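Residue numbers (the UniProt record's numbering): 1 to 173.
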């Protein structure tokens, strides 16, 4: 598409059938292309984000289309998308599992921030351990590393706090 823009739609609403369909219809009706999305049920709500590409001239129509969804109980916020990095950064995927307790994500994200590591995606949740019925916290993170920071340095920094926050890390991809 020439003379196009990329928009991020952030959505929140009461979860019910048809919300994704209504959102997809609004994007299509505005002449947009749904490029990427992350939608889920969280805390009983339908939440997520969608990256849309559309002609510059159609942004107003997209705003009108999503306002119609707003009246159906879905709050949609429109923001311009940011620029993609010119050079693909080094990525690191890891998972952590441990007994659930407050502060795990704060500790992990603080280590990453000190190293200048960017969190590209974070997915987390609780589950019940099969062997003892304890509540476990599990998170999967995809991060990108700044120039000059090796994956081994990130792994070492995270493993240095694993005993303190009582989680096990698994590194891959």
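For each residue, glycine too, the CB sits at the ideal point set by N, CA and C.
Since we're looking at a predicted model, the values are computed, not measured.
Could you check what DSSP says for residue i in three-state terms: helix, strand or coil?
| i | result |
| --- | --- |
| residue 146 | coil |
| residue 160 | coil |
| residue 153 | helix |
| residue 91 | strand |
| residue 6 | strand |
Does the Cβ of residue i have 16 or more other Cβ atoms within 10 Å, making it buried, or fewer, making it exposed?
| i | result |
| --- | --- |
| residue 42 | exposed |
| residue 172 | exposed |
| residue 73 | exposed |
| residue 26 | buried |
| residue 186 | The requested residue 186 does not occur in the structure, where the chain is confined to residues 1 to 173. |
| residue 77 | exposed |
| residue 32 | buried |
| residue 22 | buried |
| residue 35 | exposed |
| residue 30 | buried |
| residue 67 | exposed |
| residue 87 | exposed |
When the distance is taken between beta carbons, is residue j closer than 8 Å to residue i?
| i | j | result |
| --- | --- | --- |
| residue 117 | residue 146 | yes |
| residue 144 | residue 81 | no |
| residue 107 | residue 123 | no |
| residue 55 | residue 3 | yes |
| residue 153 | residue 112 | no |
| residue 104 | residue 137 | yes |
| residue 13 | residue 75 | yes |
| residue 142 | residue 156 | no |
| residue 11 | residue 47 | yes |
| residue 45 | residue 20 | no |
| residue 8 | residue 79 | yes |
Is residue i near the ligand NAP, going by C-beta to nearest heavy atom under 7 Å?
| i | result |
| --- | --- |
| residue 87 | Judged by which ligands are present, the structure shown has none, so any question about the ligand NAP falls away. |
Query raised in the report: In chain order, which alpha helix (DSSP H) runs of at least 4 residues are fully inside the UniProt domain "ACT" (8–85)?
Result: Within the UniProt domain "ACT" (8–85), the complete alpha helix (DSSP H) runs of at least 4 residues are 19–29, 59–70.
Report task. Enumerate, from N- to C-terminal direction, the unbroken beta strand (DSSP E) stretches of 3 or more residues contained entirely within the segment 117–143. Result -> 118–128
Query raised in the report: Does the segment 50–59 come within contact of the segment 92–104, defined as at least 3 CB pairs closer than 8 Å?
Result: no
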